[in-house]
Amino acid sequence: MMKSFSRWIAVMLLGFMTFSAFASPSAPVKNVDYQVLSTPQPVDTGNKVEVIEFFGYFCPHCYAFDTSLTNWARKHKKDVVFKRVVVKFSESMALHQKLFYTLSAMDVLTNELHHKIFDAIQVQHVSLRTDEQIFDFIEQNGIDRKKFMDMYQSFYVQVLCNKAVEMQSSYEIEGVPMIAINGKYLTSPAIVSSGNNMDLSEAEMHQQTLKVMDALVRQAKKEKAAPHK
297 MMKSFSRWIA
307 VMLLGFMTFS
317 AFASPSAPVK
327 NVDYQVLSTP
337 QPVDTGNKVE
347 VIEFFGYFCP
357 HCYAFDTSLT
367 NWARKHKKDV
377 VFKRVVVKFS
387 ESMALHQKLF
397 YTLSAMDVLT
407 NELHHKIFDA
417 IQVQHVSLRT
427 DEQIFDFIEQ
437 NGIDRKKFMD
447 MYQSFYVQVL
457 CNKAVEMQSS
467 YEIEGVPMIA
477 INGKYLTSPA
487 IVSSGNNMDL
497 SEAEMHQQTL
507 KVMDALVRQA
517 KKEKAAPHK
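Numbering-wise (the working numbering), the sequence shown opens with residue 297 and increments by one.
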């Protein structure tokens, strides 16, 4: 009888601990589910909340997060301005950054094409680490090679790449994927998982992260609506 009671208590405690871990992202805790930037960054999105994904095409975790994050952004477009910033931790990542900002500057970077780039690198193992590989890839995807090359080599695209590097530094980005909310909060699947000591599948980590993002967006909206003193 005593053993059965002890087992029941153990099961209840385990269930409570599991529930607590999974419930916390709906009411995120600082330094557990998210971090706060030491220096808040300026945001110019009006009444909407700015959400930035820092990512790299080299990163398999960014690729795994891409579809659910894109769907989240689409669902929240009424309240959120969603942006992507390509990181450059080393010079080997420079051409992926140029690829992204060239397509952005040409206004042809759809979510579908963005995901195709991920597919090419992560699934088809096309590294896209030379100019010619990149030019061939964009031509195969229906983009004018000459127009792309002209923009790719432009001063404007270099400015965009430099700005991305500056943002990476200002937002203190040391790993990806990383989500910045309204120039103040940082969260990611890795932060949420490690902060809560969760042993989750990657898909579960993504869902928990999106819950944290929901809560942080709500918090940011309240902060925007509060009267400034």
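For glycine and all other residues, C-beta sits at the position ideal for the given N, C-alpha and C.
Bear in mind the structure is a predicted one, so any value in this text is a computation, not a measurement.
**Asked** What do you get for P362, buried or exposed, if any count of 16 or more other CB atoms within 10 angstroms of its CB means buried?
**Response** First, the residue type needs correcting, since residue 362 is Asp and not Pro in the sequence shown. So D362 ends up on the buried side.
**Prompt:** Which class does F312 belong to by DSSP, given the choice of helix, strand or coil?
**Reply:** Low confidence applies to F312: its pLDDT is 36, below 50, so where it sits in the model is not reliable enough to give any reading.
**Message:** So, at 6 Å on beta carbons, what are the nonlocal neighbours of V339 in its own chain, with the 5 sequence-adjacent residues on each side left out?
**Reply:** E346, N478, G479
**Message:** Give me, in chain order, the residues of the same chain whose beta-carbon lies closer than 7 Å to that of V453; leave out the 5 immediate sequence neighbours on both sides.
**Reply:** K394, Y397, T398, A401, M447
**Item:** Alpha-carbon spacing of V382 relative to M474, whole angstroms
**Value:** 11 Å
**Message:** Helix, strand or coil for R425? Go by DSSP, reduced to three states.
**Reply:** coil
**Request:** Starting from the N-terminal side, write out each stretch of the beta strand (DSSP E) that is 3 residues or longer and does not extend beyond the region 460–510.
**Result:** 474–477, 481–483
**Request:** Starting from the C-beta of R441, find all residues in its chain whose C-beta is less than 8 Å away, skip the five residues before and the five after it, and write them out in chain order.
**Result:** F431, I434, E435
**Strand pairing of K379, partner residues [DSSP]** = I348
**Buried or exposed by the 16-neighbour rule on C-beta atoms within 10 Å, applied to K443** = exposed
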